[in-house]
Amino acid sequence: MKRYYDVLALLGLILVRGLSFPAFEFGLDAFPVLMLTAFRLDIAAIVLFGYVLATNTDWRPTTRGDYIAIGSGGIVAFALANGLWSMGQEMTTATFAGLMAGLVPITTAGFSWVLLPRDRLSPLGVVGLGVGFGGAMILMLPEGGLHFSPTLVGKLLVFAGVTAAGLGGVLIRWATPSLPASSQVAWAISIGAVLIHATSVAVGESFAAVHLTPTGIGAVLFLGVGVSAFGRVLTFWLLGRRSAIEISLTSYPAPVIAAVTGWLLFGDELTGRMAVGFGVVVVGFALIKREALRRELHRLTGSRGDEPRSTDPSPGDGAVAEDTPSECRSSGDS
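For the sequence shown, my numbering assigns the number 1387 to the last residue and increments by one with no breaks.
Okay, here's the thing in structure tokens:
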């Protein structure tokens, strides 16, 4: 029964992450892009603080590391990453933005390699890093060759958002906070919401541009409650029951759901080049996380008996711990 619930939770996490990108597309019909992004974070912050209080989780930051983690999470992992990613999706497609989500664990591993000594990549891990970024380049380059266009700018913005998501997660780990992850996320997401609201006002977005529709309201509620809040609560729950690599692997079926849904609902283009690029990103991830994947395979097949599960990254394989606010965020928040 325990495994049954775990599987349902993993499938639920994949589903909400995958559907977040087409839901954002629906939300754009009702709200300006930054306003939509800020509203979803507002809703998520309220729900997450409710979760923190309901579970009697320590919510008060007390150490320097707590404040650094909350600040870097709010500024980089939420405001910068969500803002750039959202503006990029508006200029591209839900399909492209969803497929690029698979790059987040790779950018996280890259920044971790640079900033966290214990996460140094082995030579094969470095190859995996290069392969992953190569896959991103295949996804980003236009079919007809490289030429400047609004779509290319949008793709670059999505890539910048993905990069910021990876950097934010590593900065949080570097800060070594004592505050529980759920409380860190609640505070950081609140800071991110305020900053994106301020940016929305600064660029001239106005409530006059809002066109409320049942679909638009449903989209922002799904993004705020379902993706940004419920998705994280699911992640926190799963982190206490499943291995980090299993949760990390949800970064890959979710973009497939986003791509297929975008194609069905909006007629987004799905090309062989996109499939190849995404496949190359997955190969890069597998090279970086090969030791963790091998351990997980042994655990699932019973090859190592009842050996206790560990979520700690092993030296040299470039594995990045998943129990950080950034990893709870990245692949589902466009």
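Yeah, the Cβ is synthetic: ideal placement off N, Cα and C, and Gly gets one too.
With distances taken between CA atoms, Y1120 lies nearest to T1229 out of T1229, L1317, L1346 and A1162.
Annotation: F1102 to G1118 spans about 20 Å, alpha carbon to alpha carbon. Per the Cβ contact rule, the stretch 1172-1181 is not in contact with the stretch 1284-1297 (fewer than 3 Cβ pairs under 8 Å). Around I1191, the same chain offers R1326, V1329, G1330 and V1333 as residues with beta carbons nearer than 7 Å, after the five sequence neighbours per side are excluded. Going by C-alpha positions, A1134 is about 7 Å away from A1213. In chain order, L1232, P1233 and S1236 place their CB closer than 7 Å to the CB of D1111, counting only its own chain and leaving out the 5 sequence neighbours on each side.
Contact annotation, G1315 with T1146: C-beta distance approximately 6 Å; criterion of less than 8 Å satisfied. Excluding the 5 residues flanking it on each side, I1310 has same chain C-beta neighbours closer than 6 Å at G1071, in chain order. For F1186, the closest alpha carbon among the candidates R1056, G1207 and G1155 is that of G1155. L1068 is bridged by DSSP to nothing; it lacks a bridge partner. Residue I1225 holds the alpha-carbon nearest to the alpha-carbon of G1127 among R1113, I1225, F1201 and V1105. R1056 places its beta carbon 8 Å or farther from that of V1273. With respect to L1063, E1143 sits apart: the two C-beta atoms are not nearer than 8 Å.
Of all alpha-carbon atoms in P1085, L1318, G1141 and G1355, the one lying nearest the alpha-carbon of L1209 is that of G1141. Contact check for D1059 and R1294: beta-carbon distance about 6 Å, within the 8 Å limit, so the pair qualifies. For K1342, the three-state secondary structure derived from DSSP is coil.
As summarised for the stretch 1137-1193, the continuous alpha helix (DSSP H) elements at least 4 residues long and confined to that stretch are 1147-1153, 1157-1168 and 1176-1193, given in chain order. The residue among F1149, S1125 and L1137 with its C-alpha nearest the C-alpha of G1320 is F1149. Taking every protein chain shown into account, the CB of G1279 has 16 or more other CB atoms within 10 angstroms, so this residue is buried.
R1113 carries a coil assignment under DSSP once its states are collapsed to helix, strand and coil.
Taking a C-beta distance under 8 Å as the contact criterion, G1219 and I1341 do not qualify as a contact pair. DSSP places V1313 within a helical segment (H, G or I) once states are collapsed to three. Across the structure, V1263 and S1202 are spaced so that their CA atoms are roughly 27 Å apart. A distance of 8 Å or more separates the beta carbons of A1345 and I1300.
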